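Take a look at the structure below.
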Amino acid sequence: MIKTLFLIAILGSSQIAHEAQKWNGKFYKRGQSARCADFVGEIVTRTGGTPPVGYEKCTSWLGWGKKVSISNIRKGDIVIYSSNGRYNHIGIYIGNKEIIHRPTLSKPVGTMDLHYRKIIGIRRK
Numbered sequence: 010m011i012k013t014l015f016l017i018a019i020l021g022s023s024q025i026a027h028e029a030q031k032w033n034g035k036f037y038k039r040g041q042s043a044r045c046a047d048f049v050g051e052i053v054t055r056t057g058g059t060p061p062v063g064y065e066k067c068t069s070w071l072g073w074g075k076k077v078s079i080s081n082i083r084k085g086d087i088v089i090y091s092s093n094g095r096y097n098h099i100g101i102y103i104g105n106k107e108i109i110h111r112p113t114l115s116k117p118v119g120t121m122d123l124h125y126r127k128i129i130g131i132r133r134k
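For any residue, its number in this note's numbering is found by taking its place in the sequence shown, counting from 1, and adding 9.
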């Protein structure tokens with residue numbers, strides 16, 4: 010039973026990473042002013058999850074799912090970043106020390122180094 014639950018948890022996280030990677034190189038323009046957190050919320054919803062209330066703000070994700078340490082990060086985990094003392098970016102871990110994210114309205118969804126900004130939280134579905 011425990012092995013089954015563990016396998017389901019791994020598949021759920023991997024599914025998030027897999028769905029997000031379908032967007033790599035494509036524009037995500039839901040509502041034109043969509044943010045990085047809108048993209049993450051869309052991916053979580055498409056994989057059967059429920060984003061937090063107010064999911065379009067990065068801070069909302071800090072209480073979502075289960076807290077994960079950097080040493081236990083897995084594909085599909087949600088990574089929340091800070092710079093200049095503000096929680097201002099979010100992406101999805103896809104393995105190999107990379108995230109996939111929506112950088113800006115003028116750039117397509119793409120990948121970036123996991124440690125490009127200060128990580129303030131990692132959450133798992």
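All residues carry an ideal CB built from backbone N, CA and C; glycine is no exception. Please read these numbers as outputs of a predicted model, since none were measured by experiment.
>> Can you find the residues in the same chain that come closer than 6 Å, C-beta to C-beta, to T68, ignoring five residues on each side of it along the sequence?
In response: Around T68: Y96.
>> Could you tell me the alpha carbon to alpha carbon distance between T113 and G58, rounded to whole angstroms?
In response: Going from the Cα of T113 to the Cα of G58 covers about 24 Å.
>> For a test of the three-state rule: what should DSSP assign to S80, helix, strand or coil?
In response: Three-state result, S80: helix.
> Alpha carbon to alpha carbon, what distance is there between R83 and K106?
Replying inline: Their Cα atoms are separated by approximately 10 Å.
> Exposed or buried, which one is D47 when buried takes at least 16 other CB atoms within 10 Å?
Replying inline: A residue is called buried when at least 16 other Cβ atoms come within 10 angstroms of its Cβ; D47 meets this threshold and is buried.
> By DSSP, does H27 sit in helix, in strand, or in coil?
Replying inline: Three-state result, H27: helix.
>> Just verifying my parser: in three-state terms, what is the DSSP assignment at V88?
In response: When DSSP states are grouped into helix, strand and coil, V88 belongs to the strand group.
> Nearest to I131 by CA position, among G50, T54, P117 and W73, is which residue?
Replying inline: Measuring from the Cα of I131, the nearest candidate turns out to be W73.
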